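Residue numbers (the working numbering): 22 to 600. Working notes, structure below.
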């Protein structure tokens, strides 16, 4: 009990002073029972066999009952109430073989009733001898009535469970029903493990929540113990709290242990990517991921591998992405991965180290690179991350394309309203009056909106202001105007930004801003259409009225002779027919 005894009786027993102990017991008849038990503890720990025998003969008990424990606390006994050691525990820990034998033989002579005394917590003293790796002491205990399967239990649980061997400690959660085999496996004592197995420990031994000795041995990388347990029926696929022995071994860097489990069918232990692989990616545990992946081939299909890469791309841990890349290459599975989608997510989340690794390990041909870089740059602009864009620009090579590529970033920044990035790009010399460079063969699964938007821009070569009045905030439009965007600039169809805005039913505020800057409301495009014509064609009644109120001519004719008012009337009639 490590601390110095504070009660005179405890001090006398610790020193083996028989006469003094006897005198004090006689003087304290009211608490004689609990004091006898307390004296037995200190005598057993001190190795005083003669005193132990006298105390047992006088009625001392090995196990501390709750009432005795509480009384002993009042007389200076300071062992934690939730898990008090018995005399057997203390003697076993100190290696007093003779005293342990005396105590156990005494216990075996107790009649079958009461069961509490025959099968109390003293049996968990086996855990002490196992923890000390004392083979001789363990054999002595097993030979003298200690049950190899006894689960450790605290005093409170014994009280609630009436001392029965229930197989688990479910009341307090501290002891968790661990058996001696759990202790031996956790410490890596192979000889001790085999001894306990020979004396009846089986694969049914598991603590509360399903933790088996194999989990503990694998976690510690105790390969000899792992082999011993596997040879005697322990299942490597047993899951405890979502964790298998294989996962525990991998998380602690024990590759050989994982290999052993794998050879025994254990990475059937890797039965769930969600439970065992994804958490490693999320936490950035590259070492464990590298160890486990080769054992998970049977559960990793194309969809799963793609999802793993996408998770890694957004995790911020480049080390896990490198492990996945290495795995995909060595297993000839890189073709399973939609590399562009992984790249897209990394750029979207601005994981710079991930973007750099994707660049360094990219399998694309130059043609594929030229196709994908503009879209990735557009996404960098949408995310407001110039650093990602700089990495991609550096990778793209060809300084002659730099201005074109920067406009991709600009249009992305305009779309999502990143004003500071827009200013930064203008300082880099991006021309506000050039259209977005043409992008072809876009294939962005899951990003249909981006494909649609860029398709419109490609065809019409819209300038930054054309695009802003259709997609951006008023603040963005205002910034572009302040930075010199031409309010009457023309696209390939000869349309001004006001034409572009007039098509959109919900862009009234943008139109008002253009009108406040003196835009020509009756400018005609290459087909002779004014913004009012386009509002009429689209049936945008509110926009039509707004333009009309600001001086637009409803009788102006386009190249086919139609006036704006006729266009609106036709759109309204079509709408009535459809209703």
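Backbone N, C-alpha and C define an ideal beta-carbon position, used for all residues, glycine too. Keep in mind the model is a prediction, meaning the values are calculated, not measured.
- For residue 336, the secondary structure class from DSSP, reduced to helix, strand or coil, is coil.
- Contact check for residue 485 and residue 453: beta-carbon distance about 5 angstroms, within the 8 angstroms limit, so the pair qualifies.
- Inter-residue distance for residue 594 and residue 557 is about 12 angstroms (C-alpha atoms, whole angstroms).
- Non-local beta-carbon contacts of residue 210 in its own chain, meaning distances under 6 angstroms to residues more than five positions away in sequence, involve 154 in chain order.
- Per DSSP, the beta-bridge partners of residue 584 are 578.
- In this structure, 532 is the residue among 532, 393 and 449 with its C-alpha nearest to the C-alpha of residue 490.
- One thing to note: residue 365 has its Cβ no nearer than 9 angstroms to the Cβ of residue 343.
- Shortest Cα-Cα distance from residue 58 to any of 304, 106, 583 and 377 involves 106.
- Counting along the chain, the unbroken alpha helix (DSSP H) around residue 428 starts and ends at 423-437.
- In this structure, the beta-carbon distance from residue 63 to residue 31 falls below 9 angstroms.
- For residue 518, the enclosing alpha helix (DSSP H) covers residues 518-523.
- Between residue 171 and residue 202 the beta-carbon gap is near 11 angstroms, outside 8 angstroms, which marks them as no contact.
- Excluding the 5 residues flanking it on each side, residue 333 has same chain C-beta neighbours closer than 6 angstroms at 302, 341, 342 and 345, in chain order.
- For residue 272, the uninterrupted alpha helix (DSSP H) run begins and ends at 266-272, by DSSP.
- In this structure, DSSP gives residue 547 a state outside helix and strand, which the three-state scheme calls coil.
- Secondary structure at residue 415: helix, using DSSP grouped into helix, strand and coil.
- In the structure shown, residue 261 falls within a strand segment according to DSSP collapsed to helix, strand and coil.
- In the three-state reduction of the DSSP assignment, residue 531 falls in the helix class, which pools H, G and I.
- Here residue 423 has no same chain residue with a Cβ atom under 6 angstroms from its own Cβ, once five neighbours each way along the sequence are excluded.
- Here the alpha carbons of residue 321 and residue 158 stand approximately 49 angstroms from one another.
- When secondary structure is reduced to three states using DSSP, residue 322 falls in the coil class, being assigned neither helix nor strand.
- Beyond the five residues adjoining it in sequence on each side, residue 245 comes within less than 7 angstroms, by CB distance, of 211 in the same chain, given in chain order.
- Between residue 359 and residue 327, the C-beta gap is smaller than 9 angstroms, which places the two residues in contact.
- Judged by DSSP in its simplified three-state form, residue 497 adopts helix.
- Contact between residue 585 and residue 553 holds, with the beta-carbon distance rounding to 4 angstroms and staying under 8 angstroms.
- As summarised for the region 333-387, the continuous alpha helix (DSSP H) elements at least 4 residues long and confined to that stretch are 339-351, 360-369 and 373-381, given in chain order.
- Taken through DSSP and simplified to helix, strand or coil, residue 199 comes out as coil.
- Going by DSSP, residue 84 is part of no alpha helix (DSSP H) at all; its letter is neither H nor E.
- Around the beta carbon of residue 252, a 10 Å sphere encloses fewer than 16 other beta carbons of the protein chains shown; the residue is thus reported as exposed.
- Nearest to residue 83 by alpha-carbon distance, out of 70, 75, 117 and 124, is 124.
- Linking residue 296 to residue 248 through their CA atoms gives a straight-line distance of about 25 angstroms.
- In this structure residue 407 is not in contact with residue 433, their Cβ atoms being roughly 11 angstroms apart against a cut-off of 8 angstroms.
- Distance between residue 415 and residue 379, taken at the CA atoms: about 13 angstroms.
- The residue among 435, 129 and 304 with its C-alpha nearest the C-alpha of residue 499 is 435.
- For the pair residue 546 and residue 456, the CB atoms are not nearer than the 9 angstroms cut-off.
- Distances from the CA of residue 69 to each of 550, 216, 122 and 507 were compared; the closest alpha carbon is that of 122.
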